[in-house]
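In the numbering used here, each residue carries its 1-based index in the sequence shown increased by 548.
Glycine is no exception: its CB is placed at the ideal position from the N, C-alpha and C atoms.
All values derive from a computational prediction rather than experimental measurement.
These notes concern the structure reproduced below.
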Amino acid sequence: MKTAALVNYTVRDVLEYRGNPRLSYTVSDSSTVEEALELMDIHDIVSLPVFSRSKENAAMESFVDIVSVYDLRDYIIQSKVCCQ
Numbered sequence: 549m550k551t552a553a554l555v556n557y558t559v560r561d562v563l564e565y566r567g568n569p570r571l572s573y574t575v576s577d578s579s580t581v582e583e584a585l586e587l588m589d590i591h592d593i594v595s596l597p598v599f600s601r602s603k604e605n606a607a608m609e610s611f612v613d614i615v616s617v618y619d620l621r622d623y624i625i626q627s628k629v630c631c632q
């Protein structure tokens, strides 16, 4: 496949093709590492979007970042959380 052809497609096309165009699973920035890992394990996914609730308006959330199982693994290993 030539890369020039890729300009005709969007990420939304990919999401619709795989059948899940919505964010079904997310975590908040106050979720625990254990909660994130459990959600990833249960749903067989390797990353989650992270949202933060507004202090002024609890119904309003803003996107923070994406956390992956690899991020969590590295954090656990580097901080030696598992050994405390």
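| Any idea what DSSP makes of E604, helix, strand or coil? | Taking the first residue of the sequence shown as 1, we reach residue 604 at position 56. It is coil, neither helix nor strand.
| request: Specify, as a first and last residue, the run of the alpha helix (DSSP H) that S578 falls within. | output: If you number the sequence shown from 1, residue 578 lands on position 30. From DSSP, S578 is part of no alpha helix (DSSP H); its letter is neither H nor E.
| query | Among I624, D561, I614, L554, which has the Cα closest to the Cα of S595? | reply | What you label residue 595 is simply residue 47 of the sequence shown in a count that begins at 1. For the residues I624, D561, I614, L554, the minimum Cα distance to S595 belongs to I614.
| Going by DSSP, which residues form a beta bridge with S616? | Taking the sequence shown and counting its residues from 1, one reaches residue 616 at position 68. According to DSSP, which records beta bridges pairwise, S616 is partnered with S595.
| task | For the alpha helix (DSSP H) containing L554, list its first residue and its last residue. | result | In the sequence shown, counting from the first residue as 1, residue 554 sits at position 6. Looking at the DSSP string, L554 is not in any alpha helix (DSSP H), and its letter there is neither H nor E.
| said: Quick check: what's the CA-CA separation for Y565 versus N556? | reply: Counting from 1 along the sequence shown, the entry for residue 565 is found at position 17. Counting from 1 along the sequence shown, the entry for residue 556 is found at position 8. Answer to the nearest angstrom: the Cα atoms are 15 Å apart.
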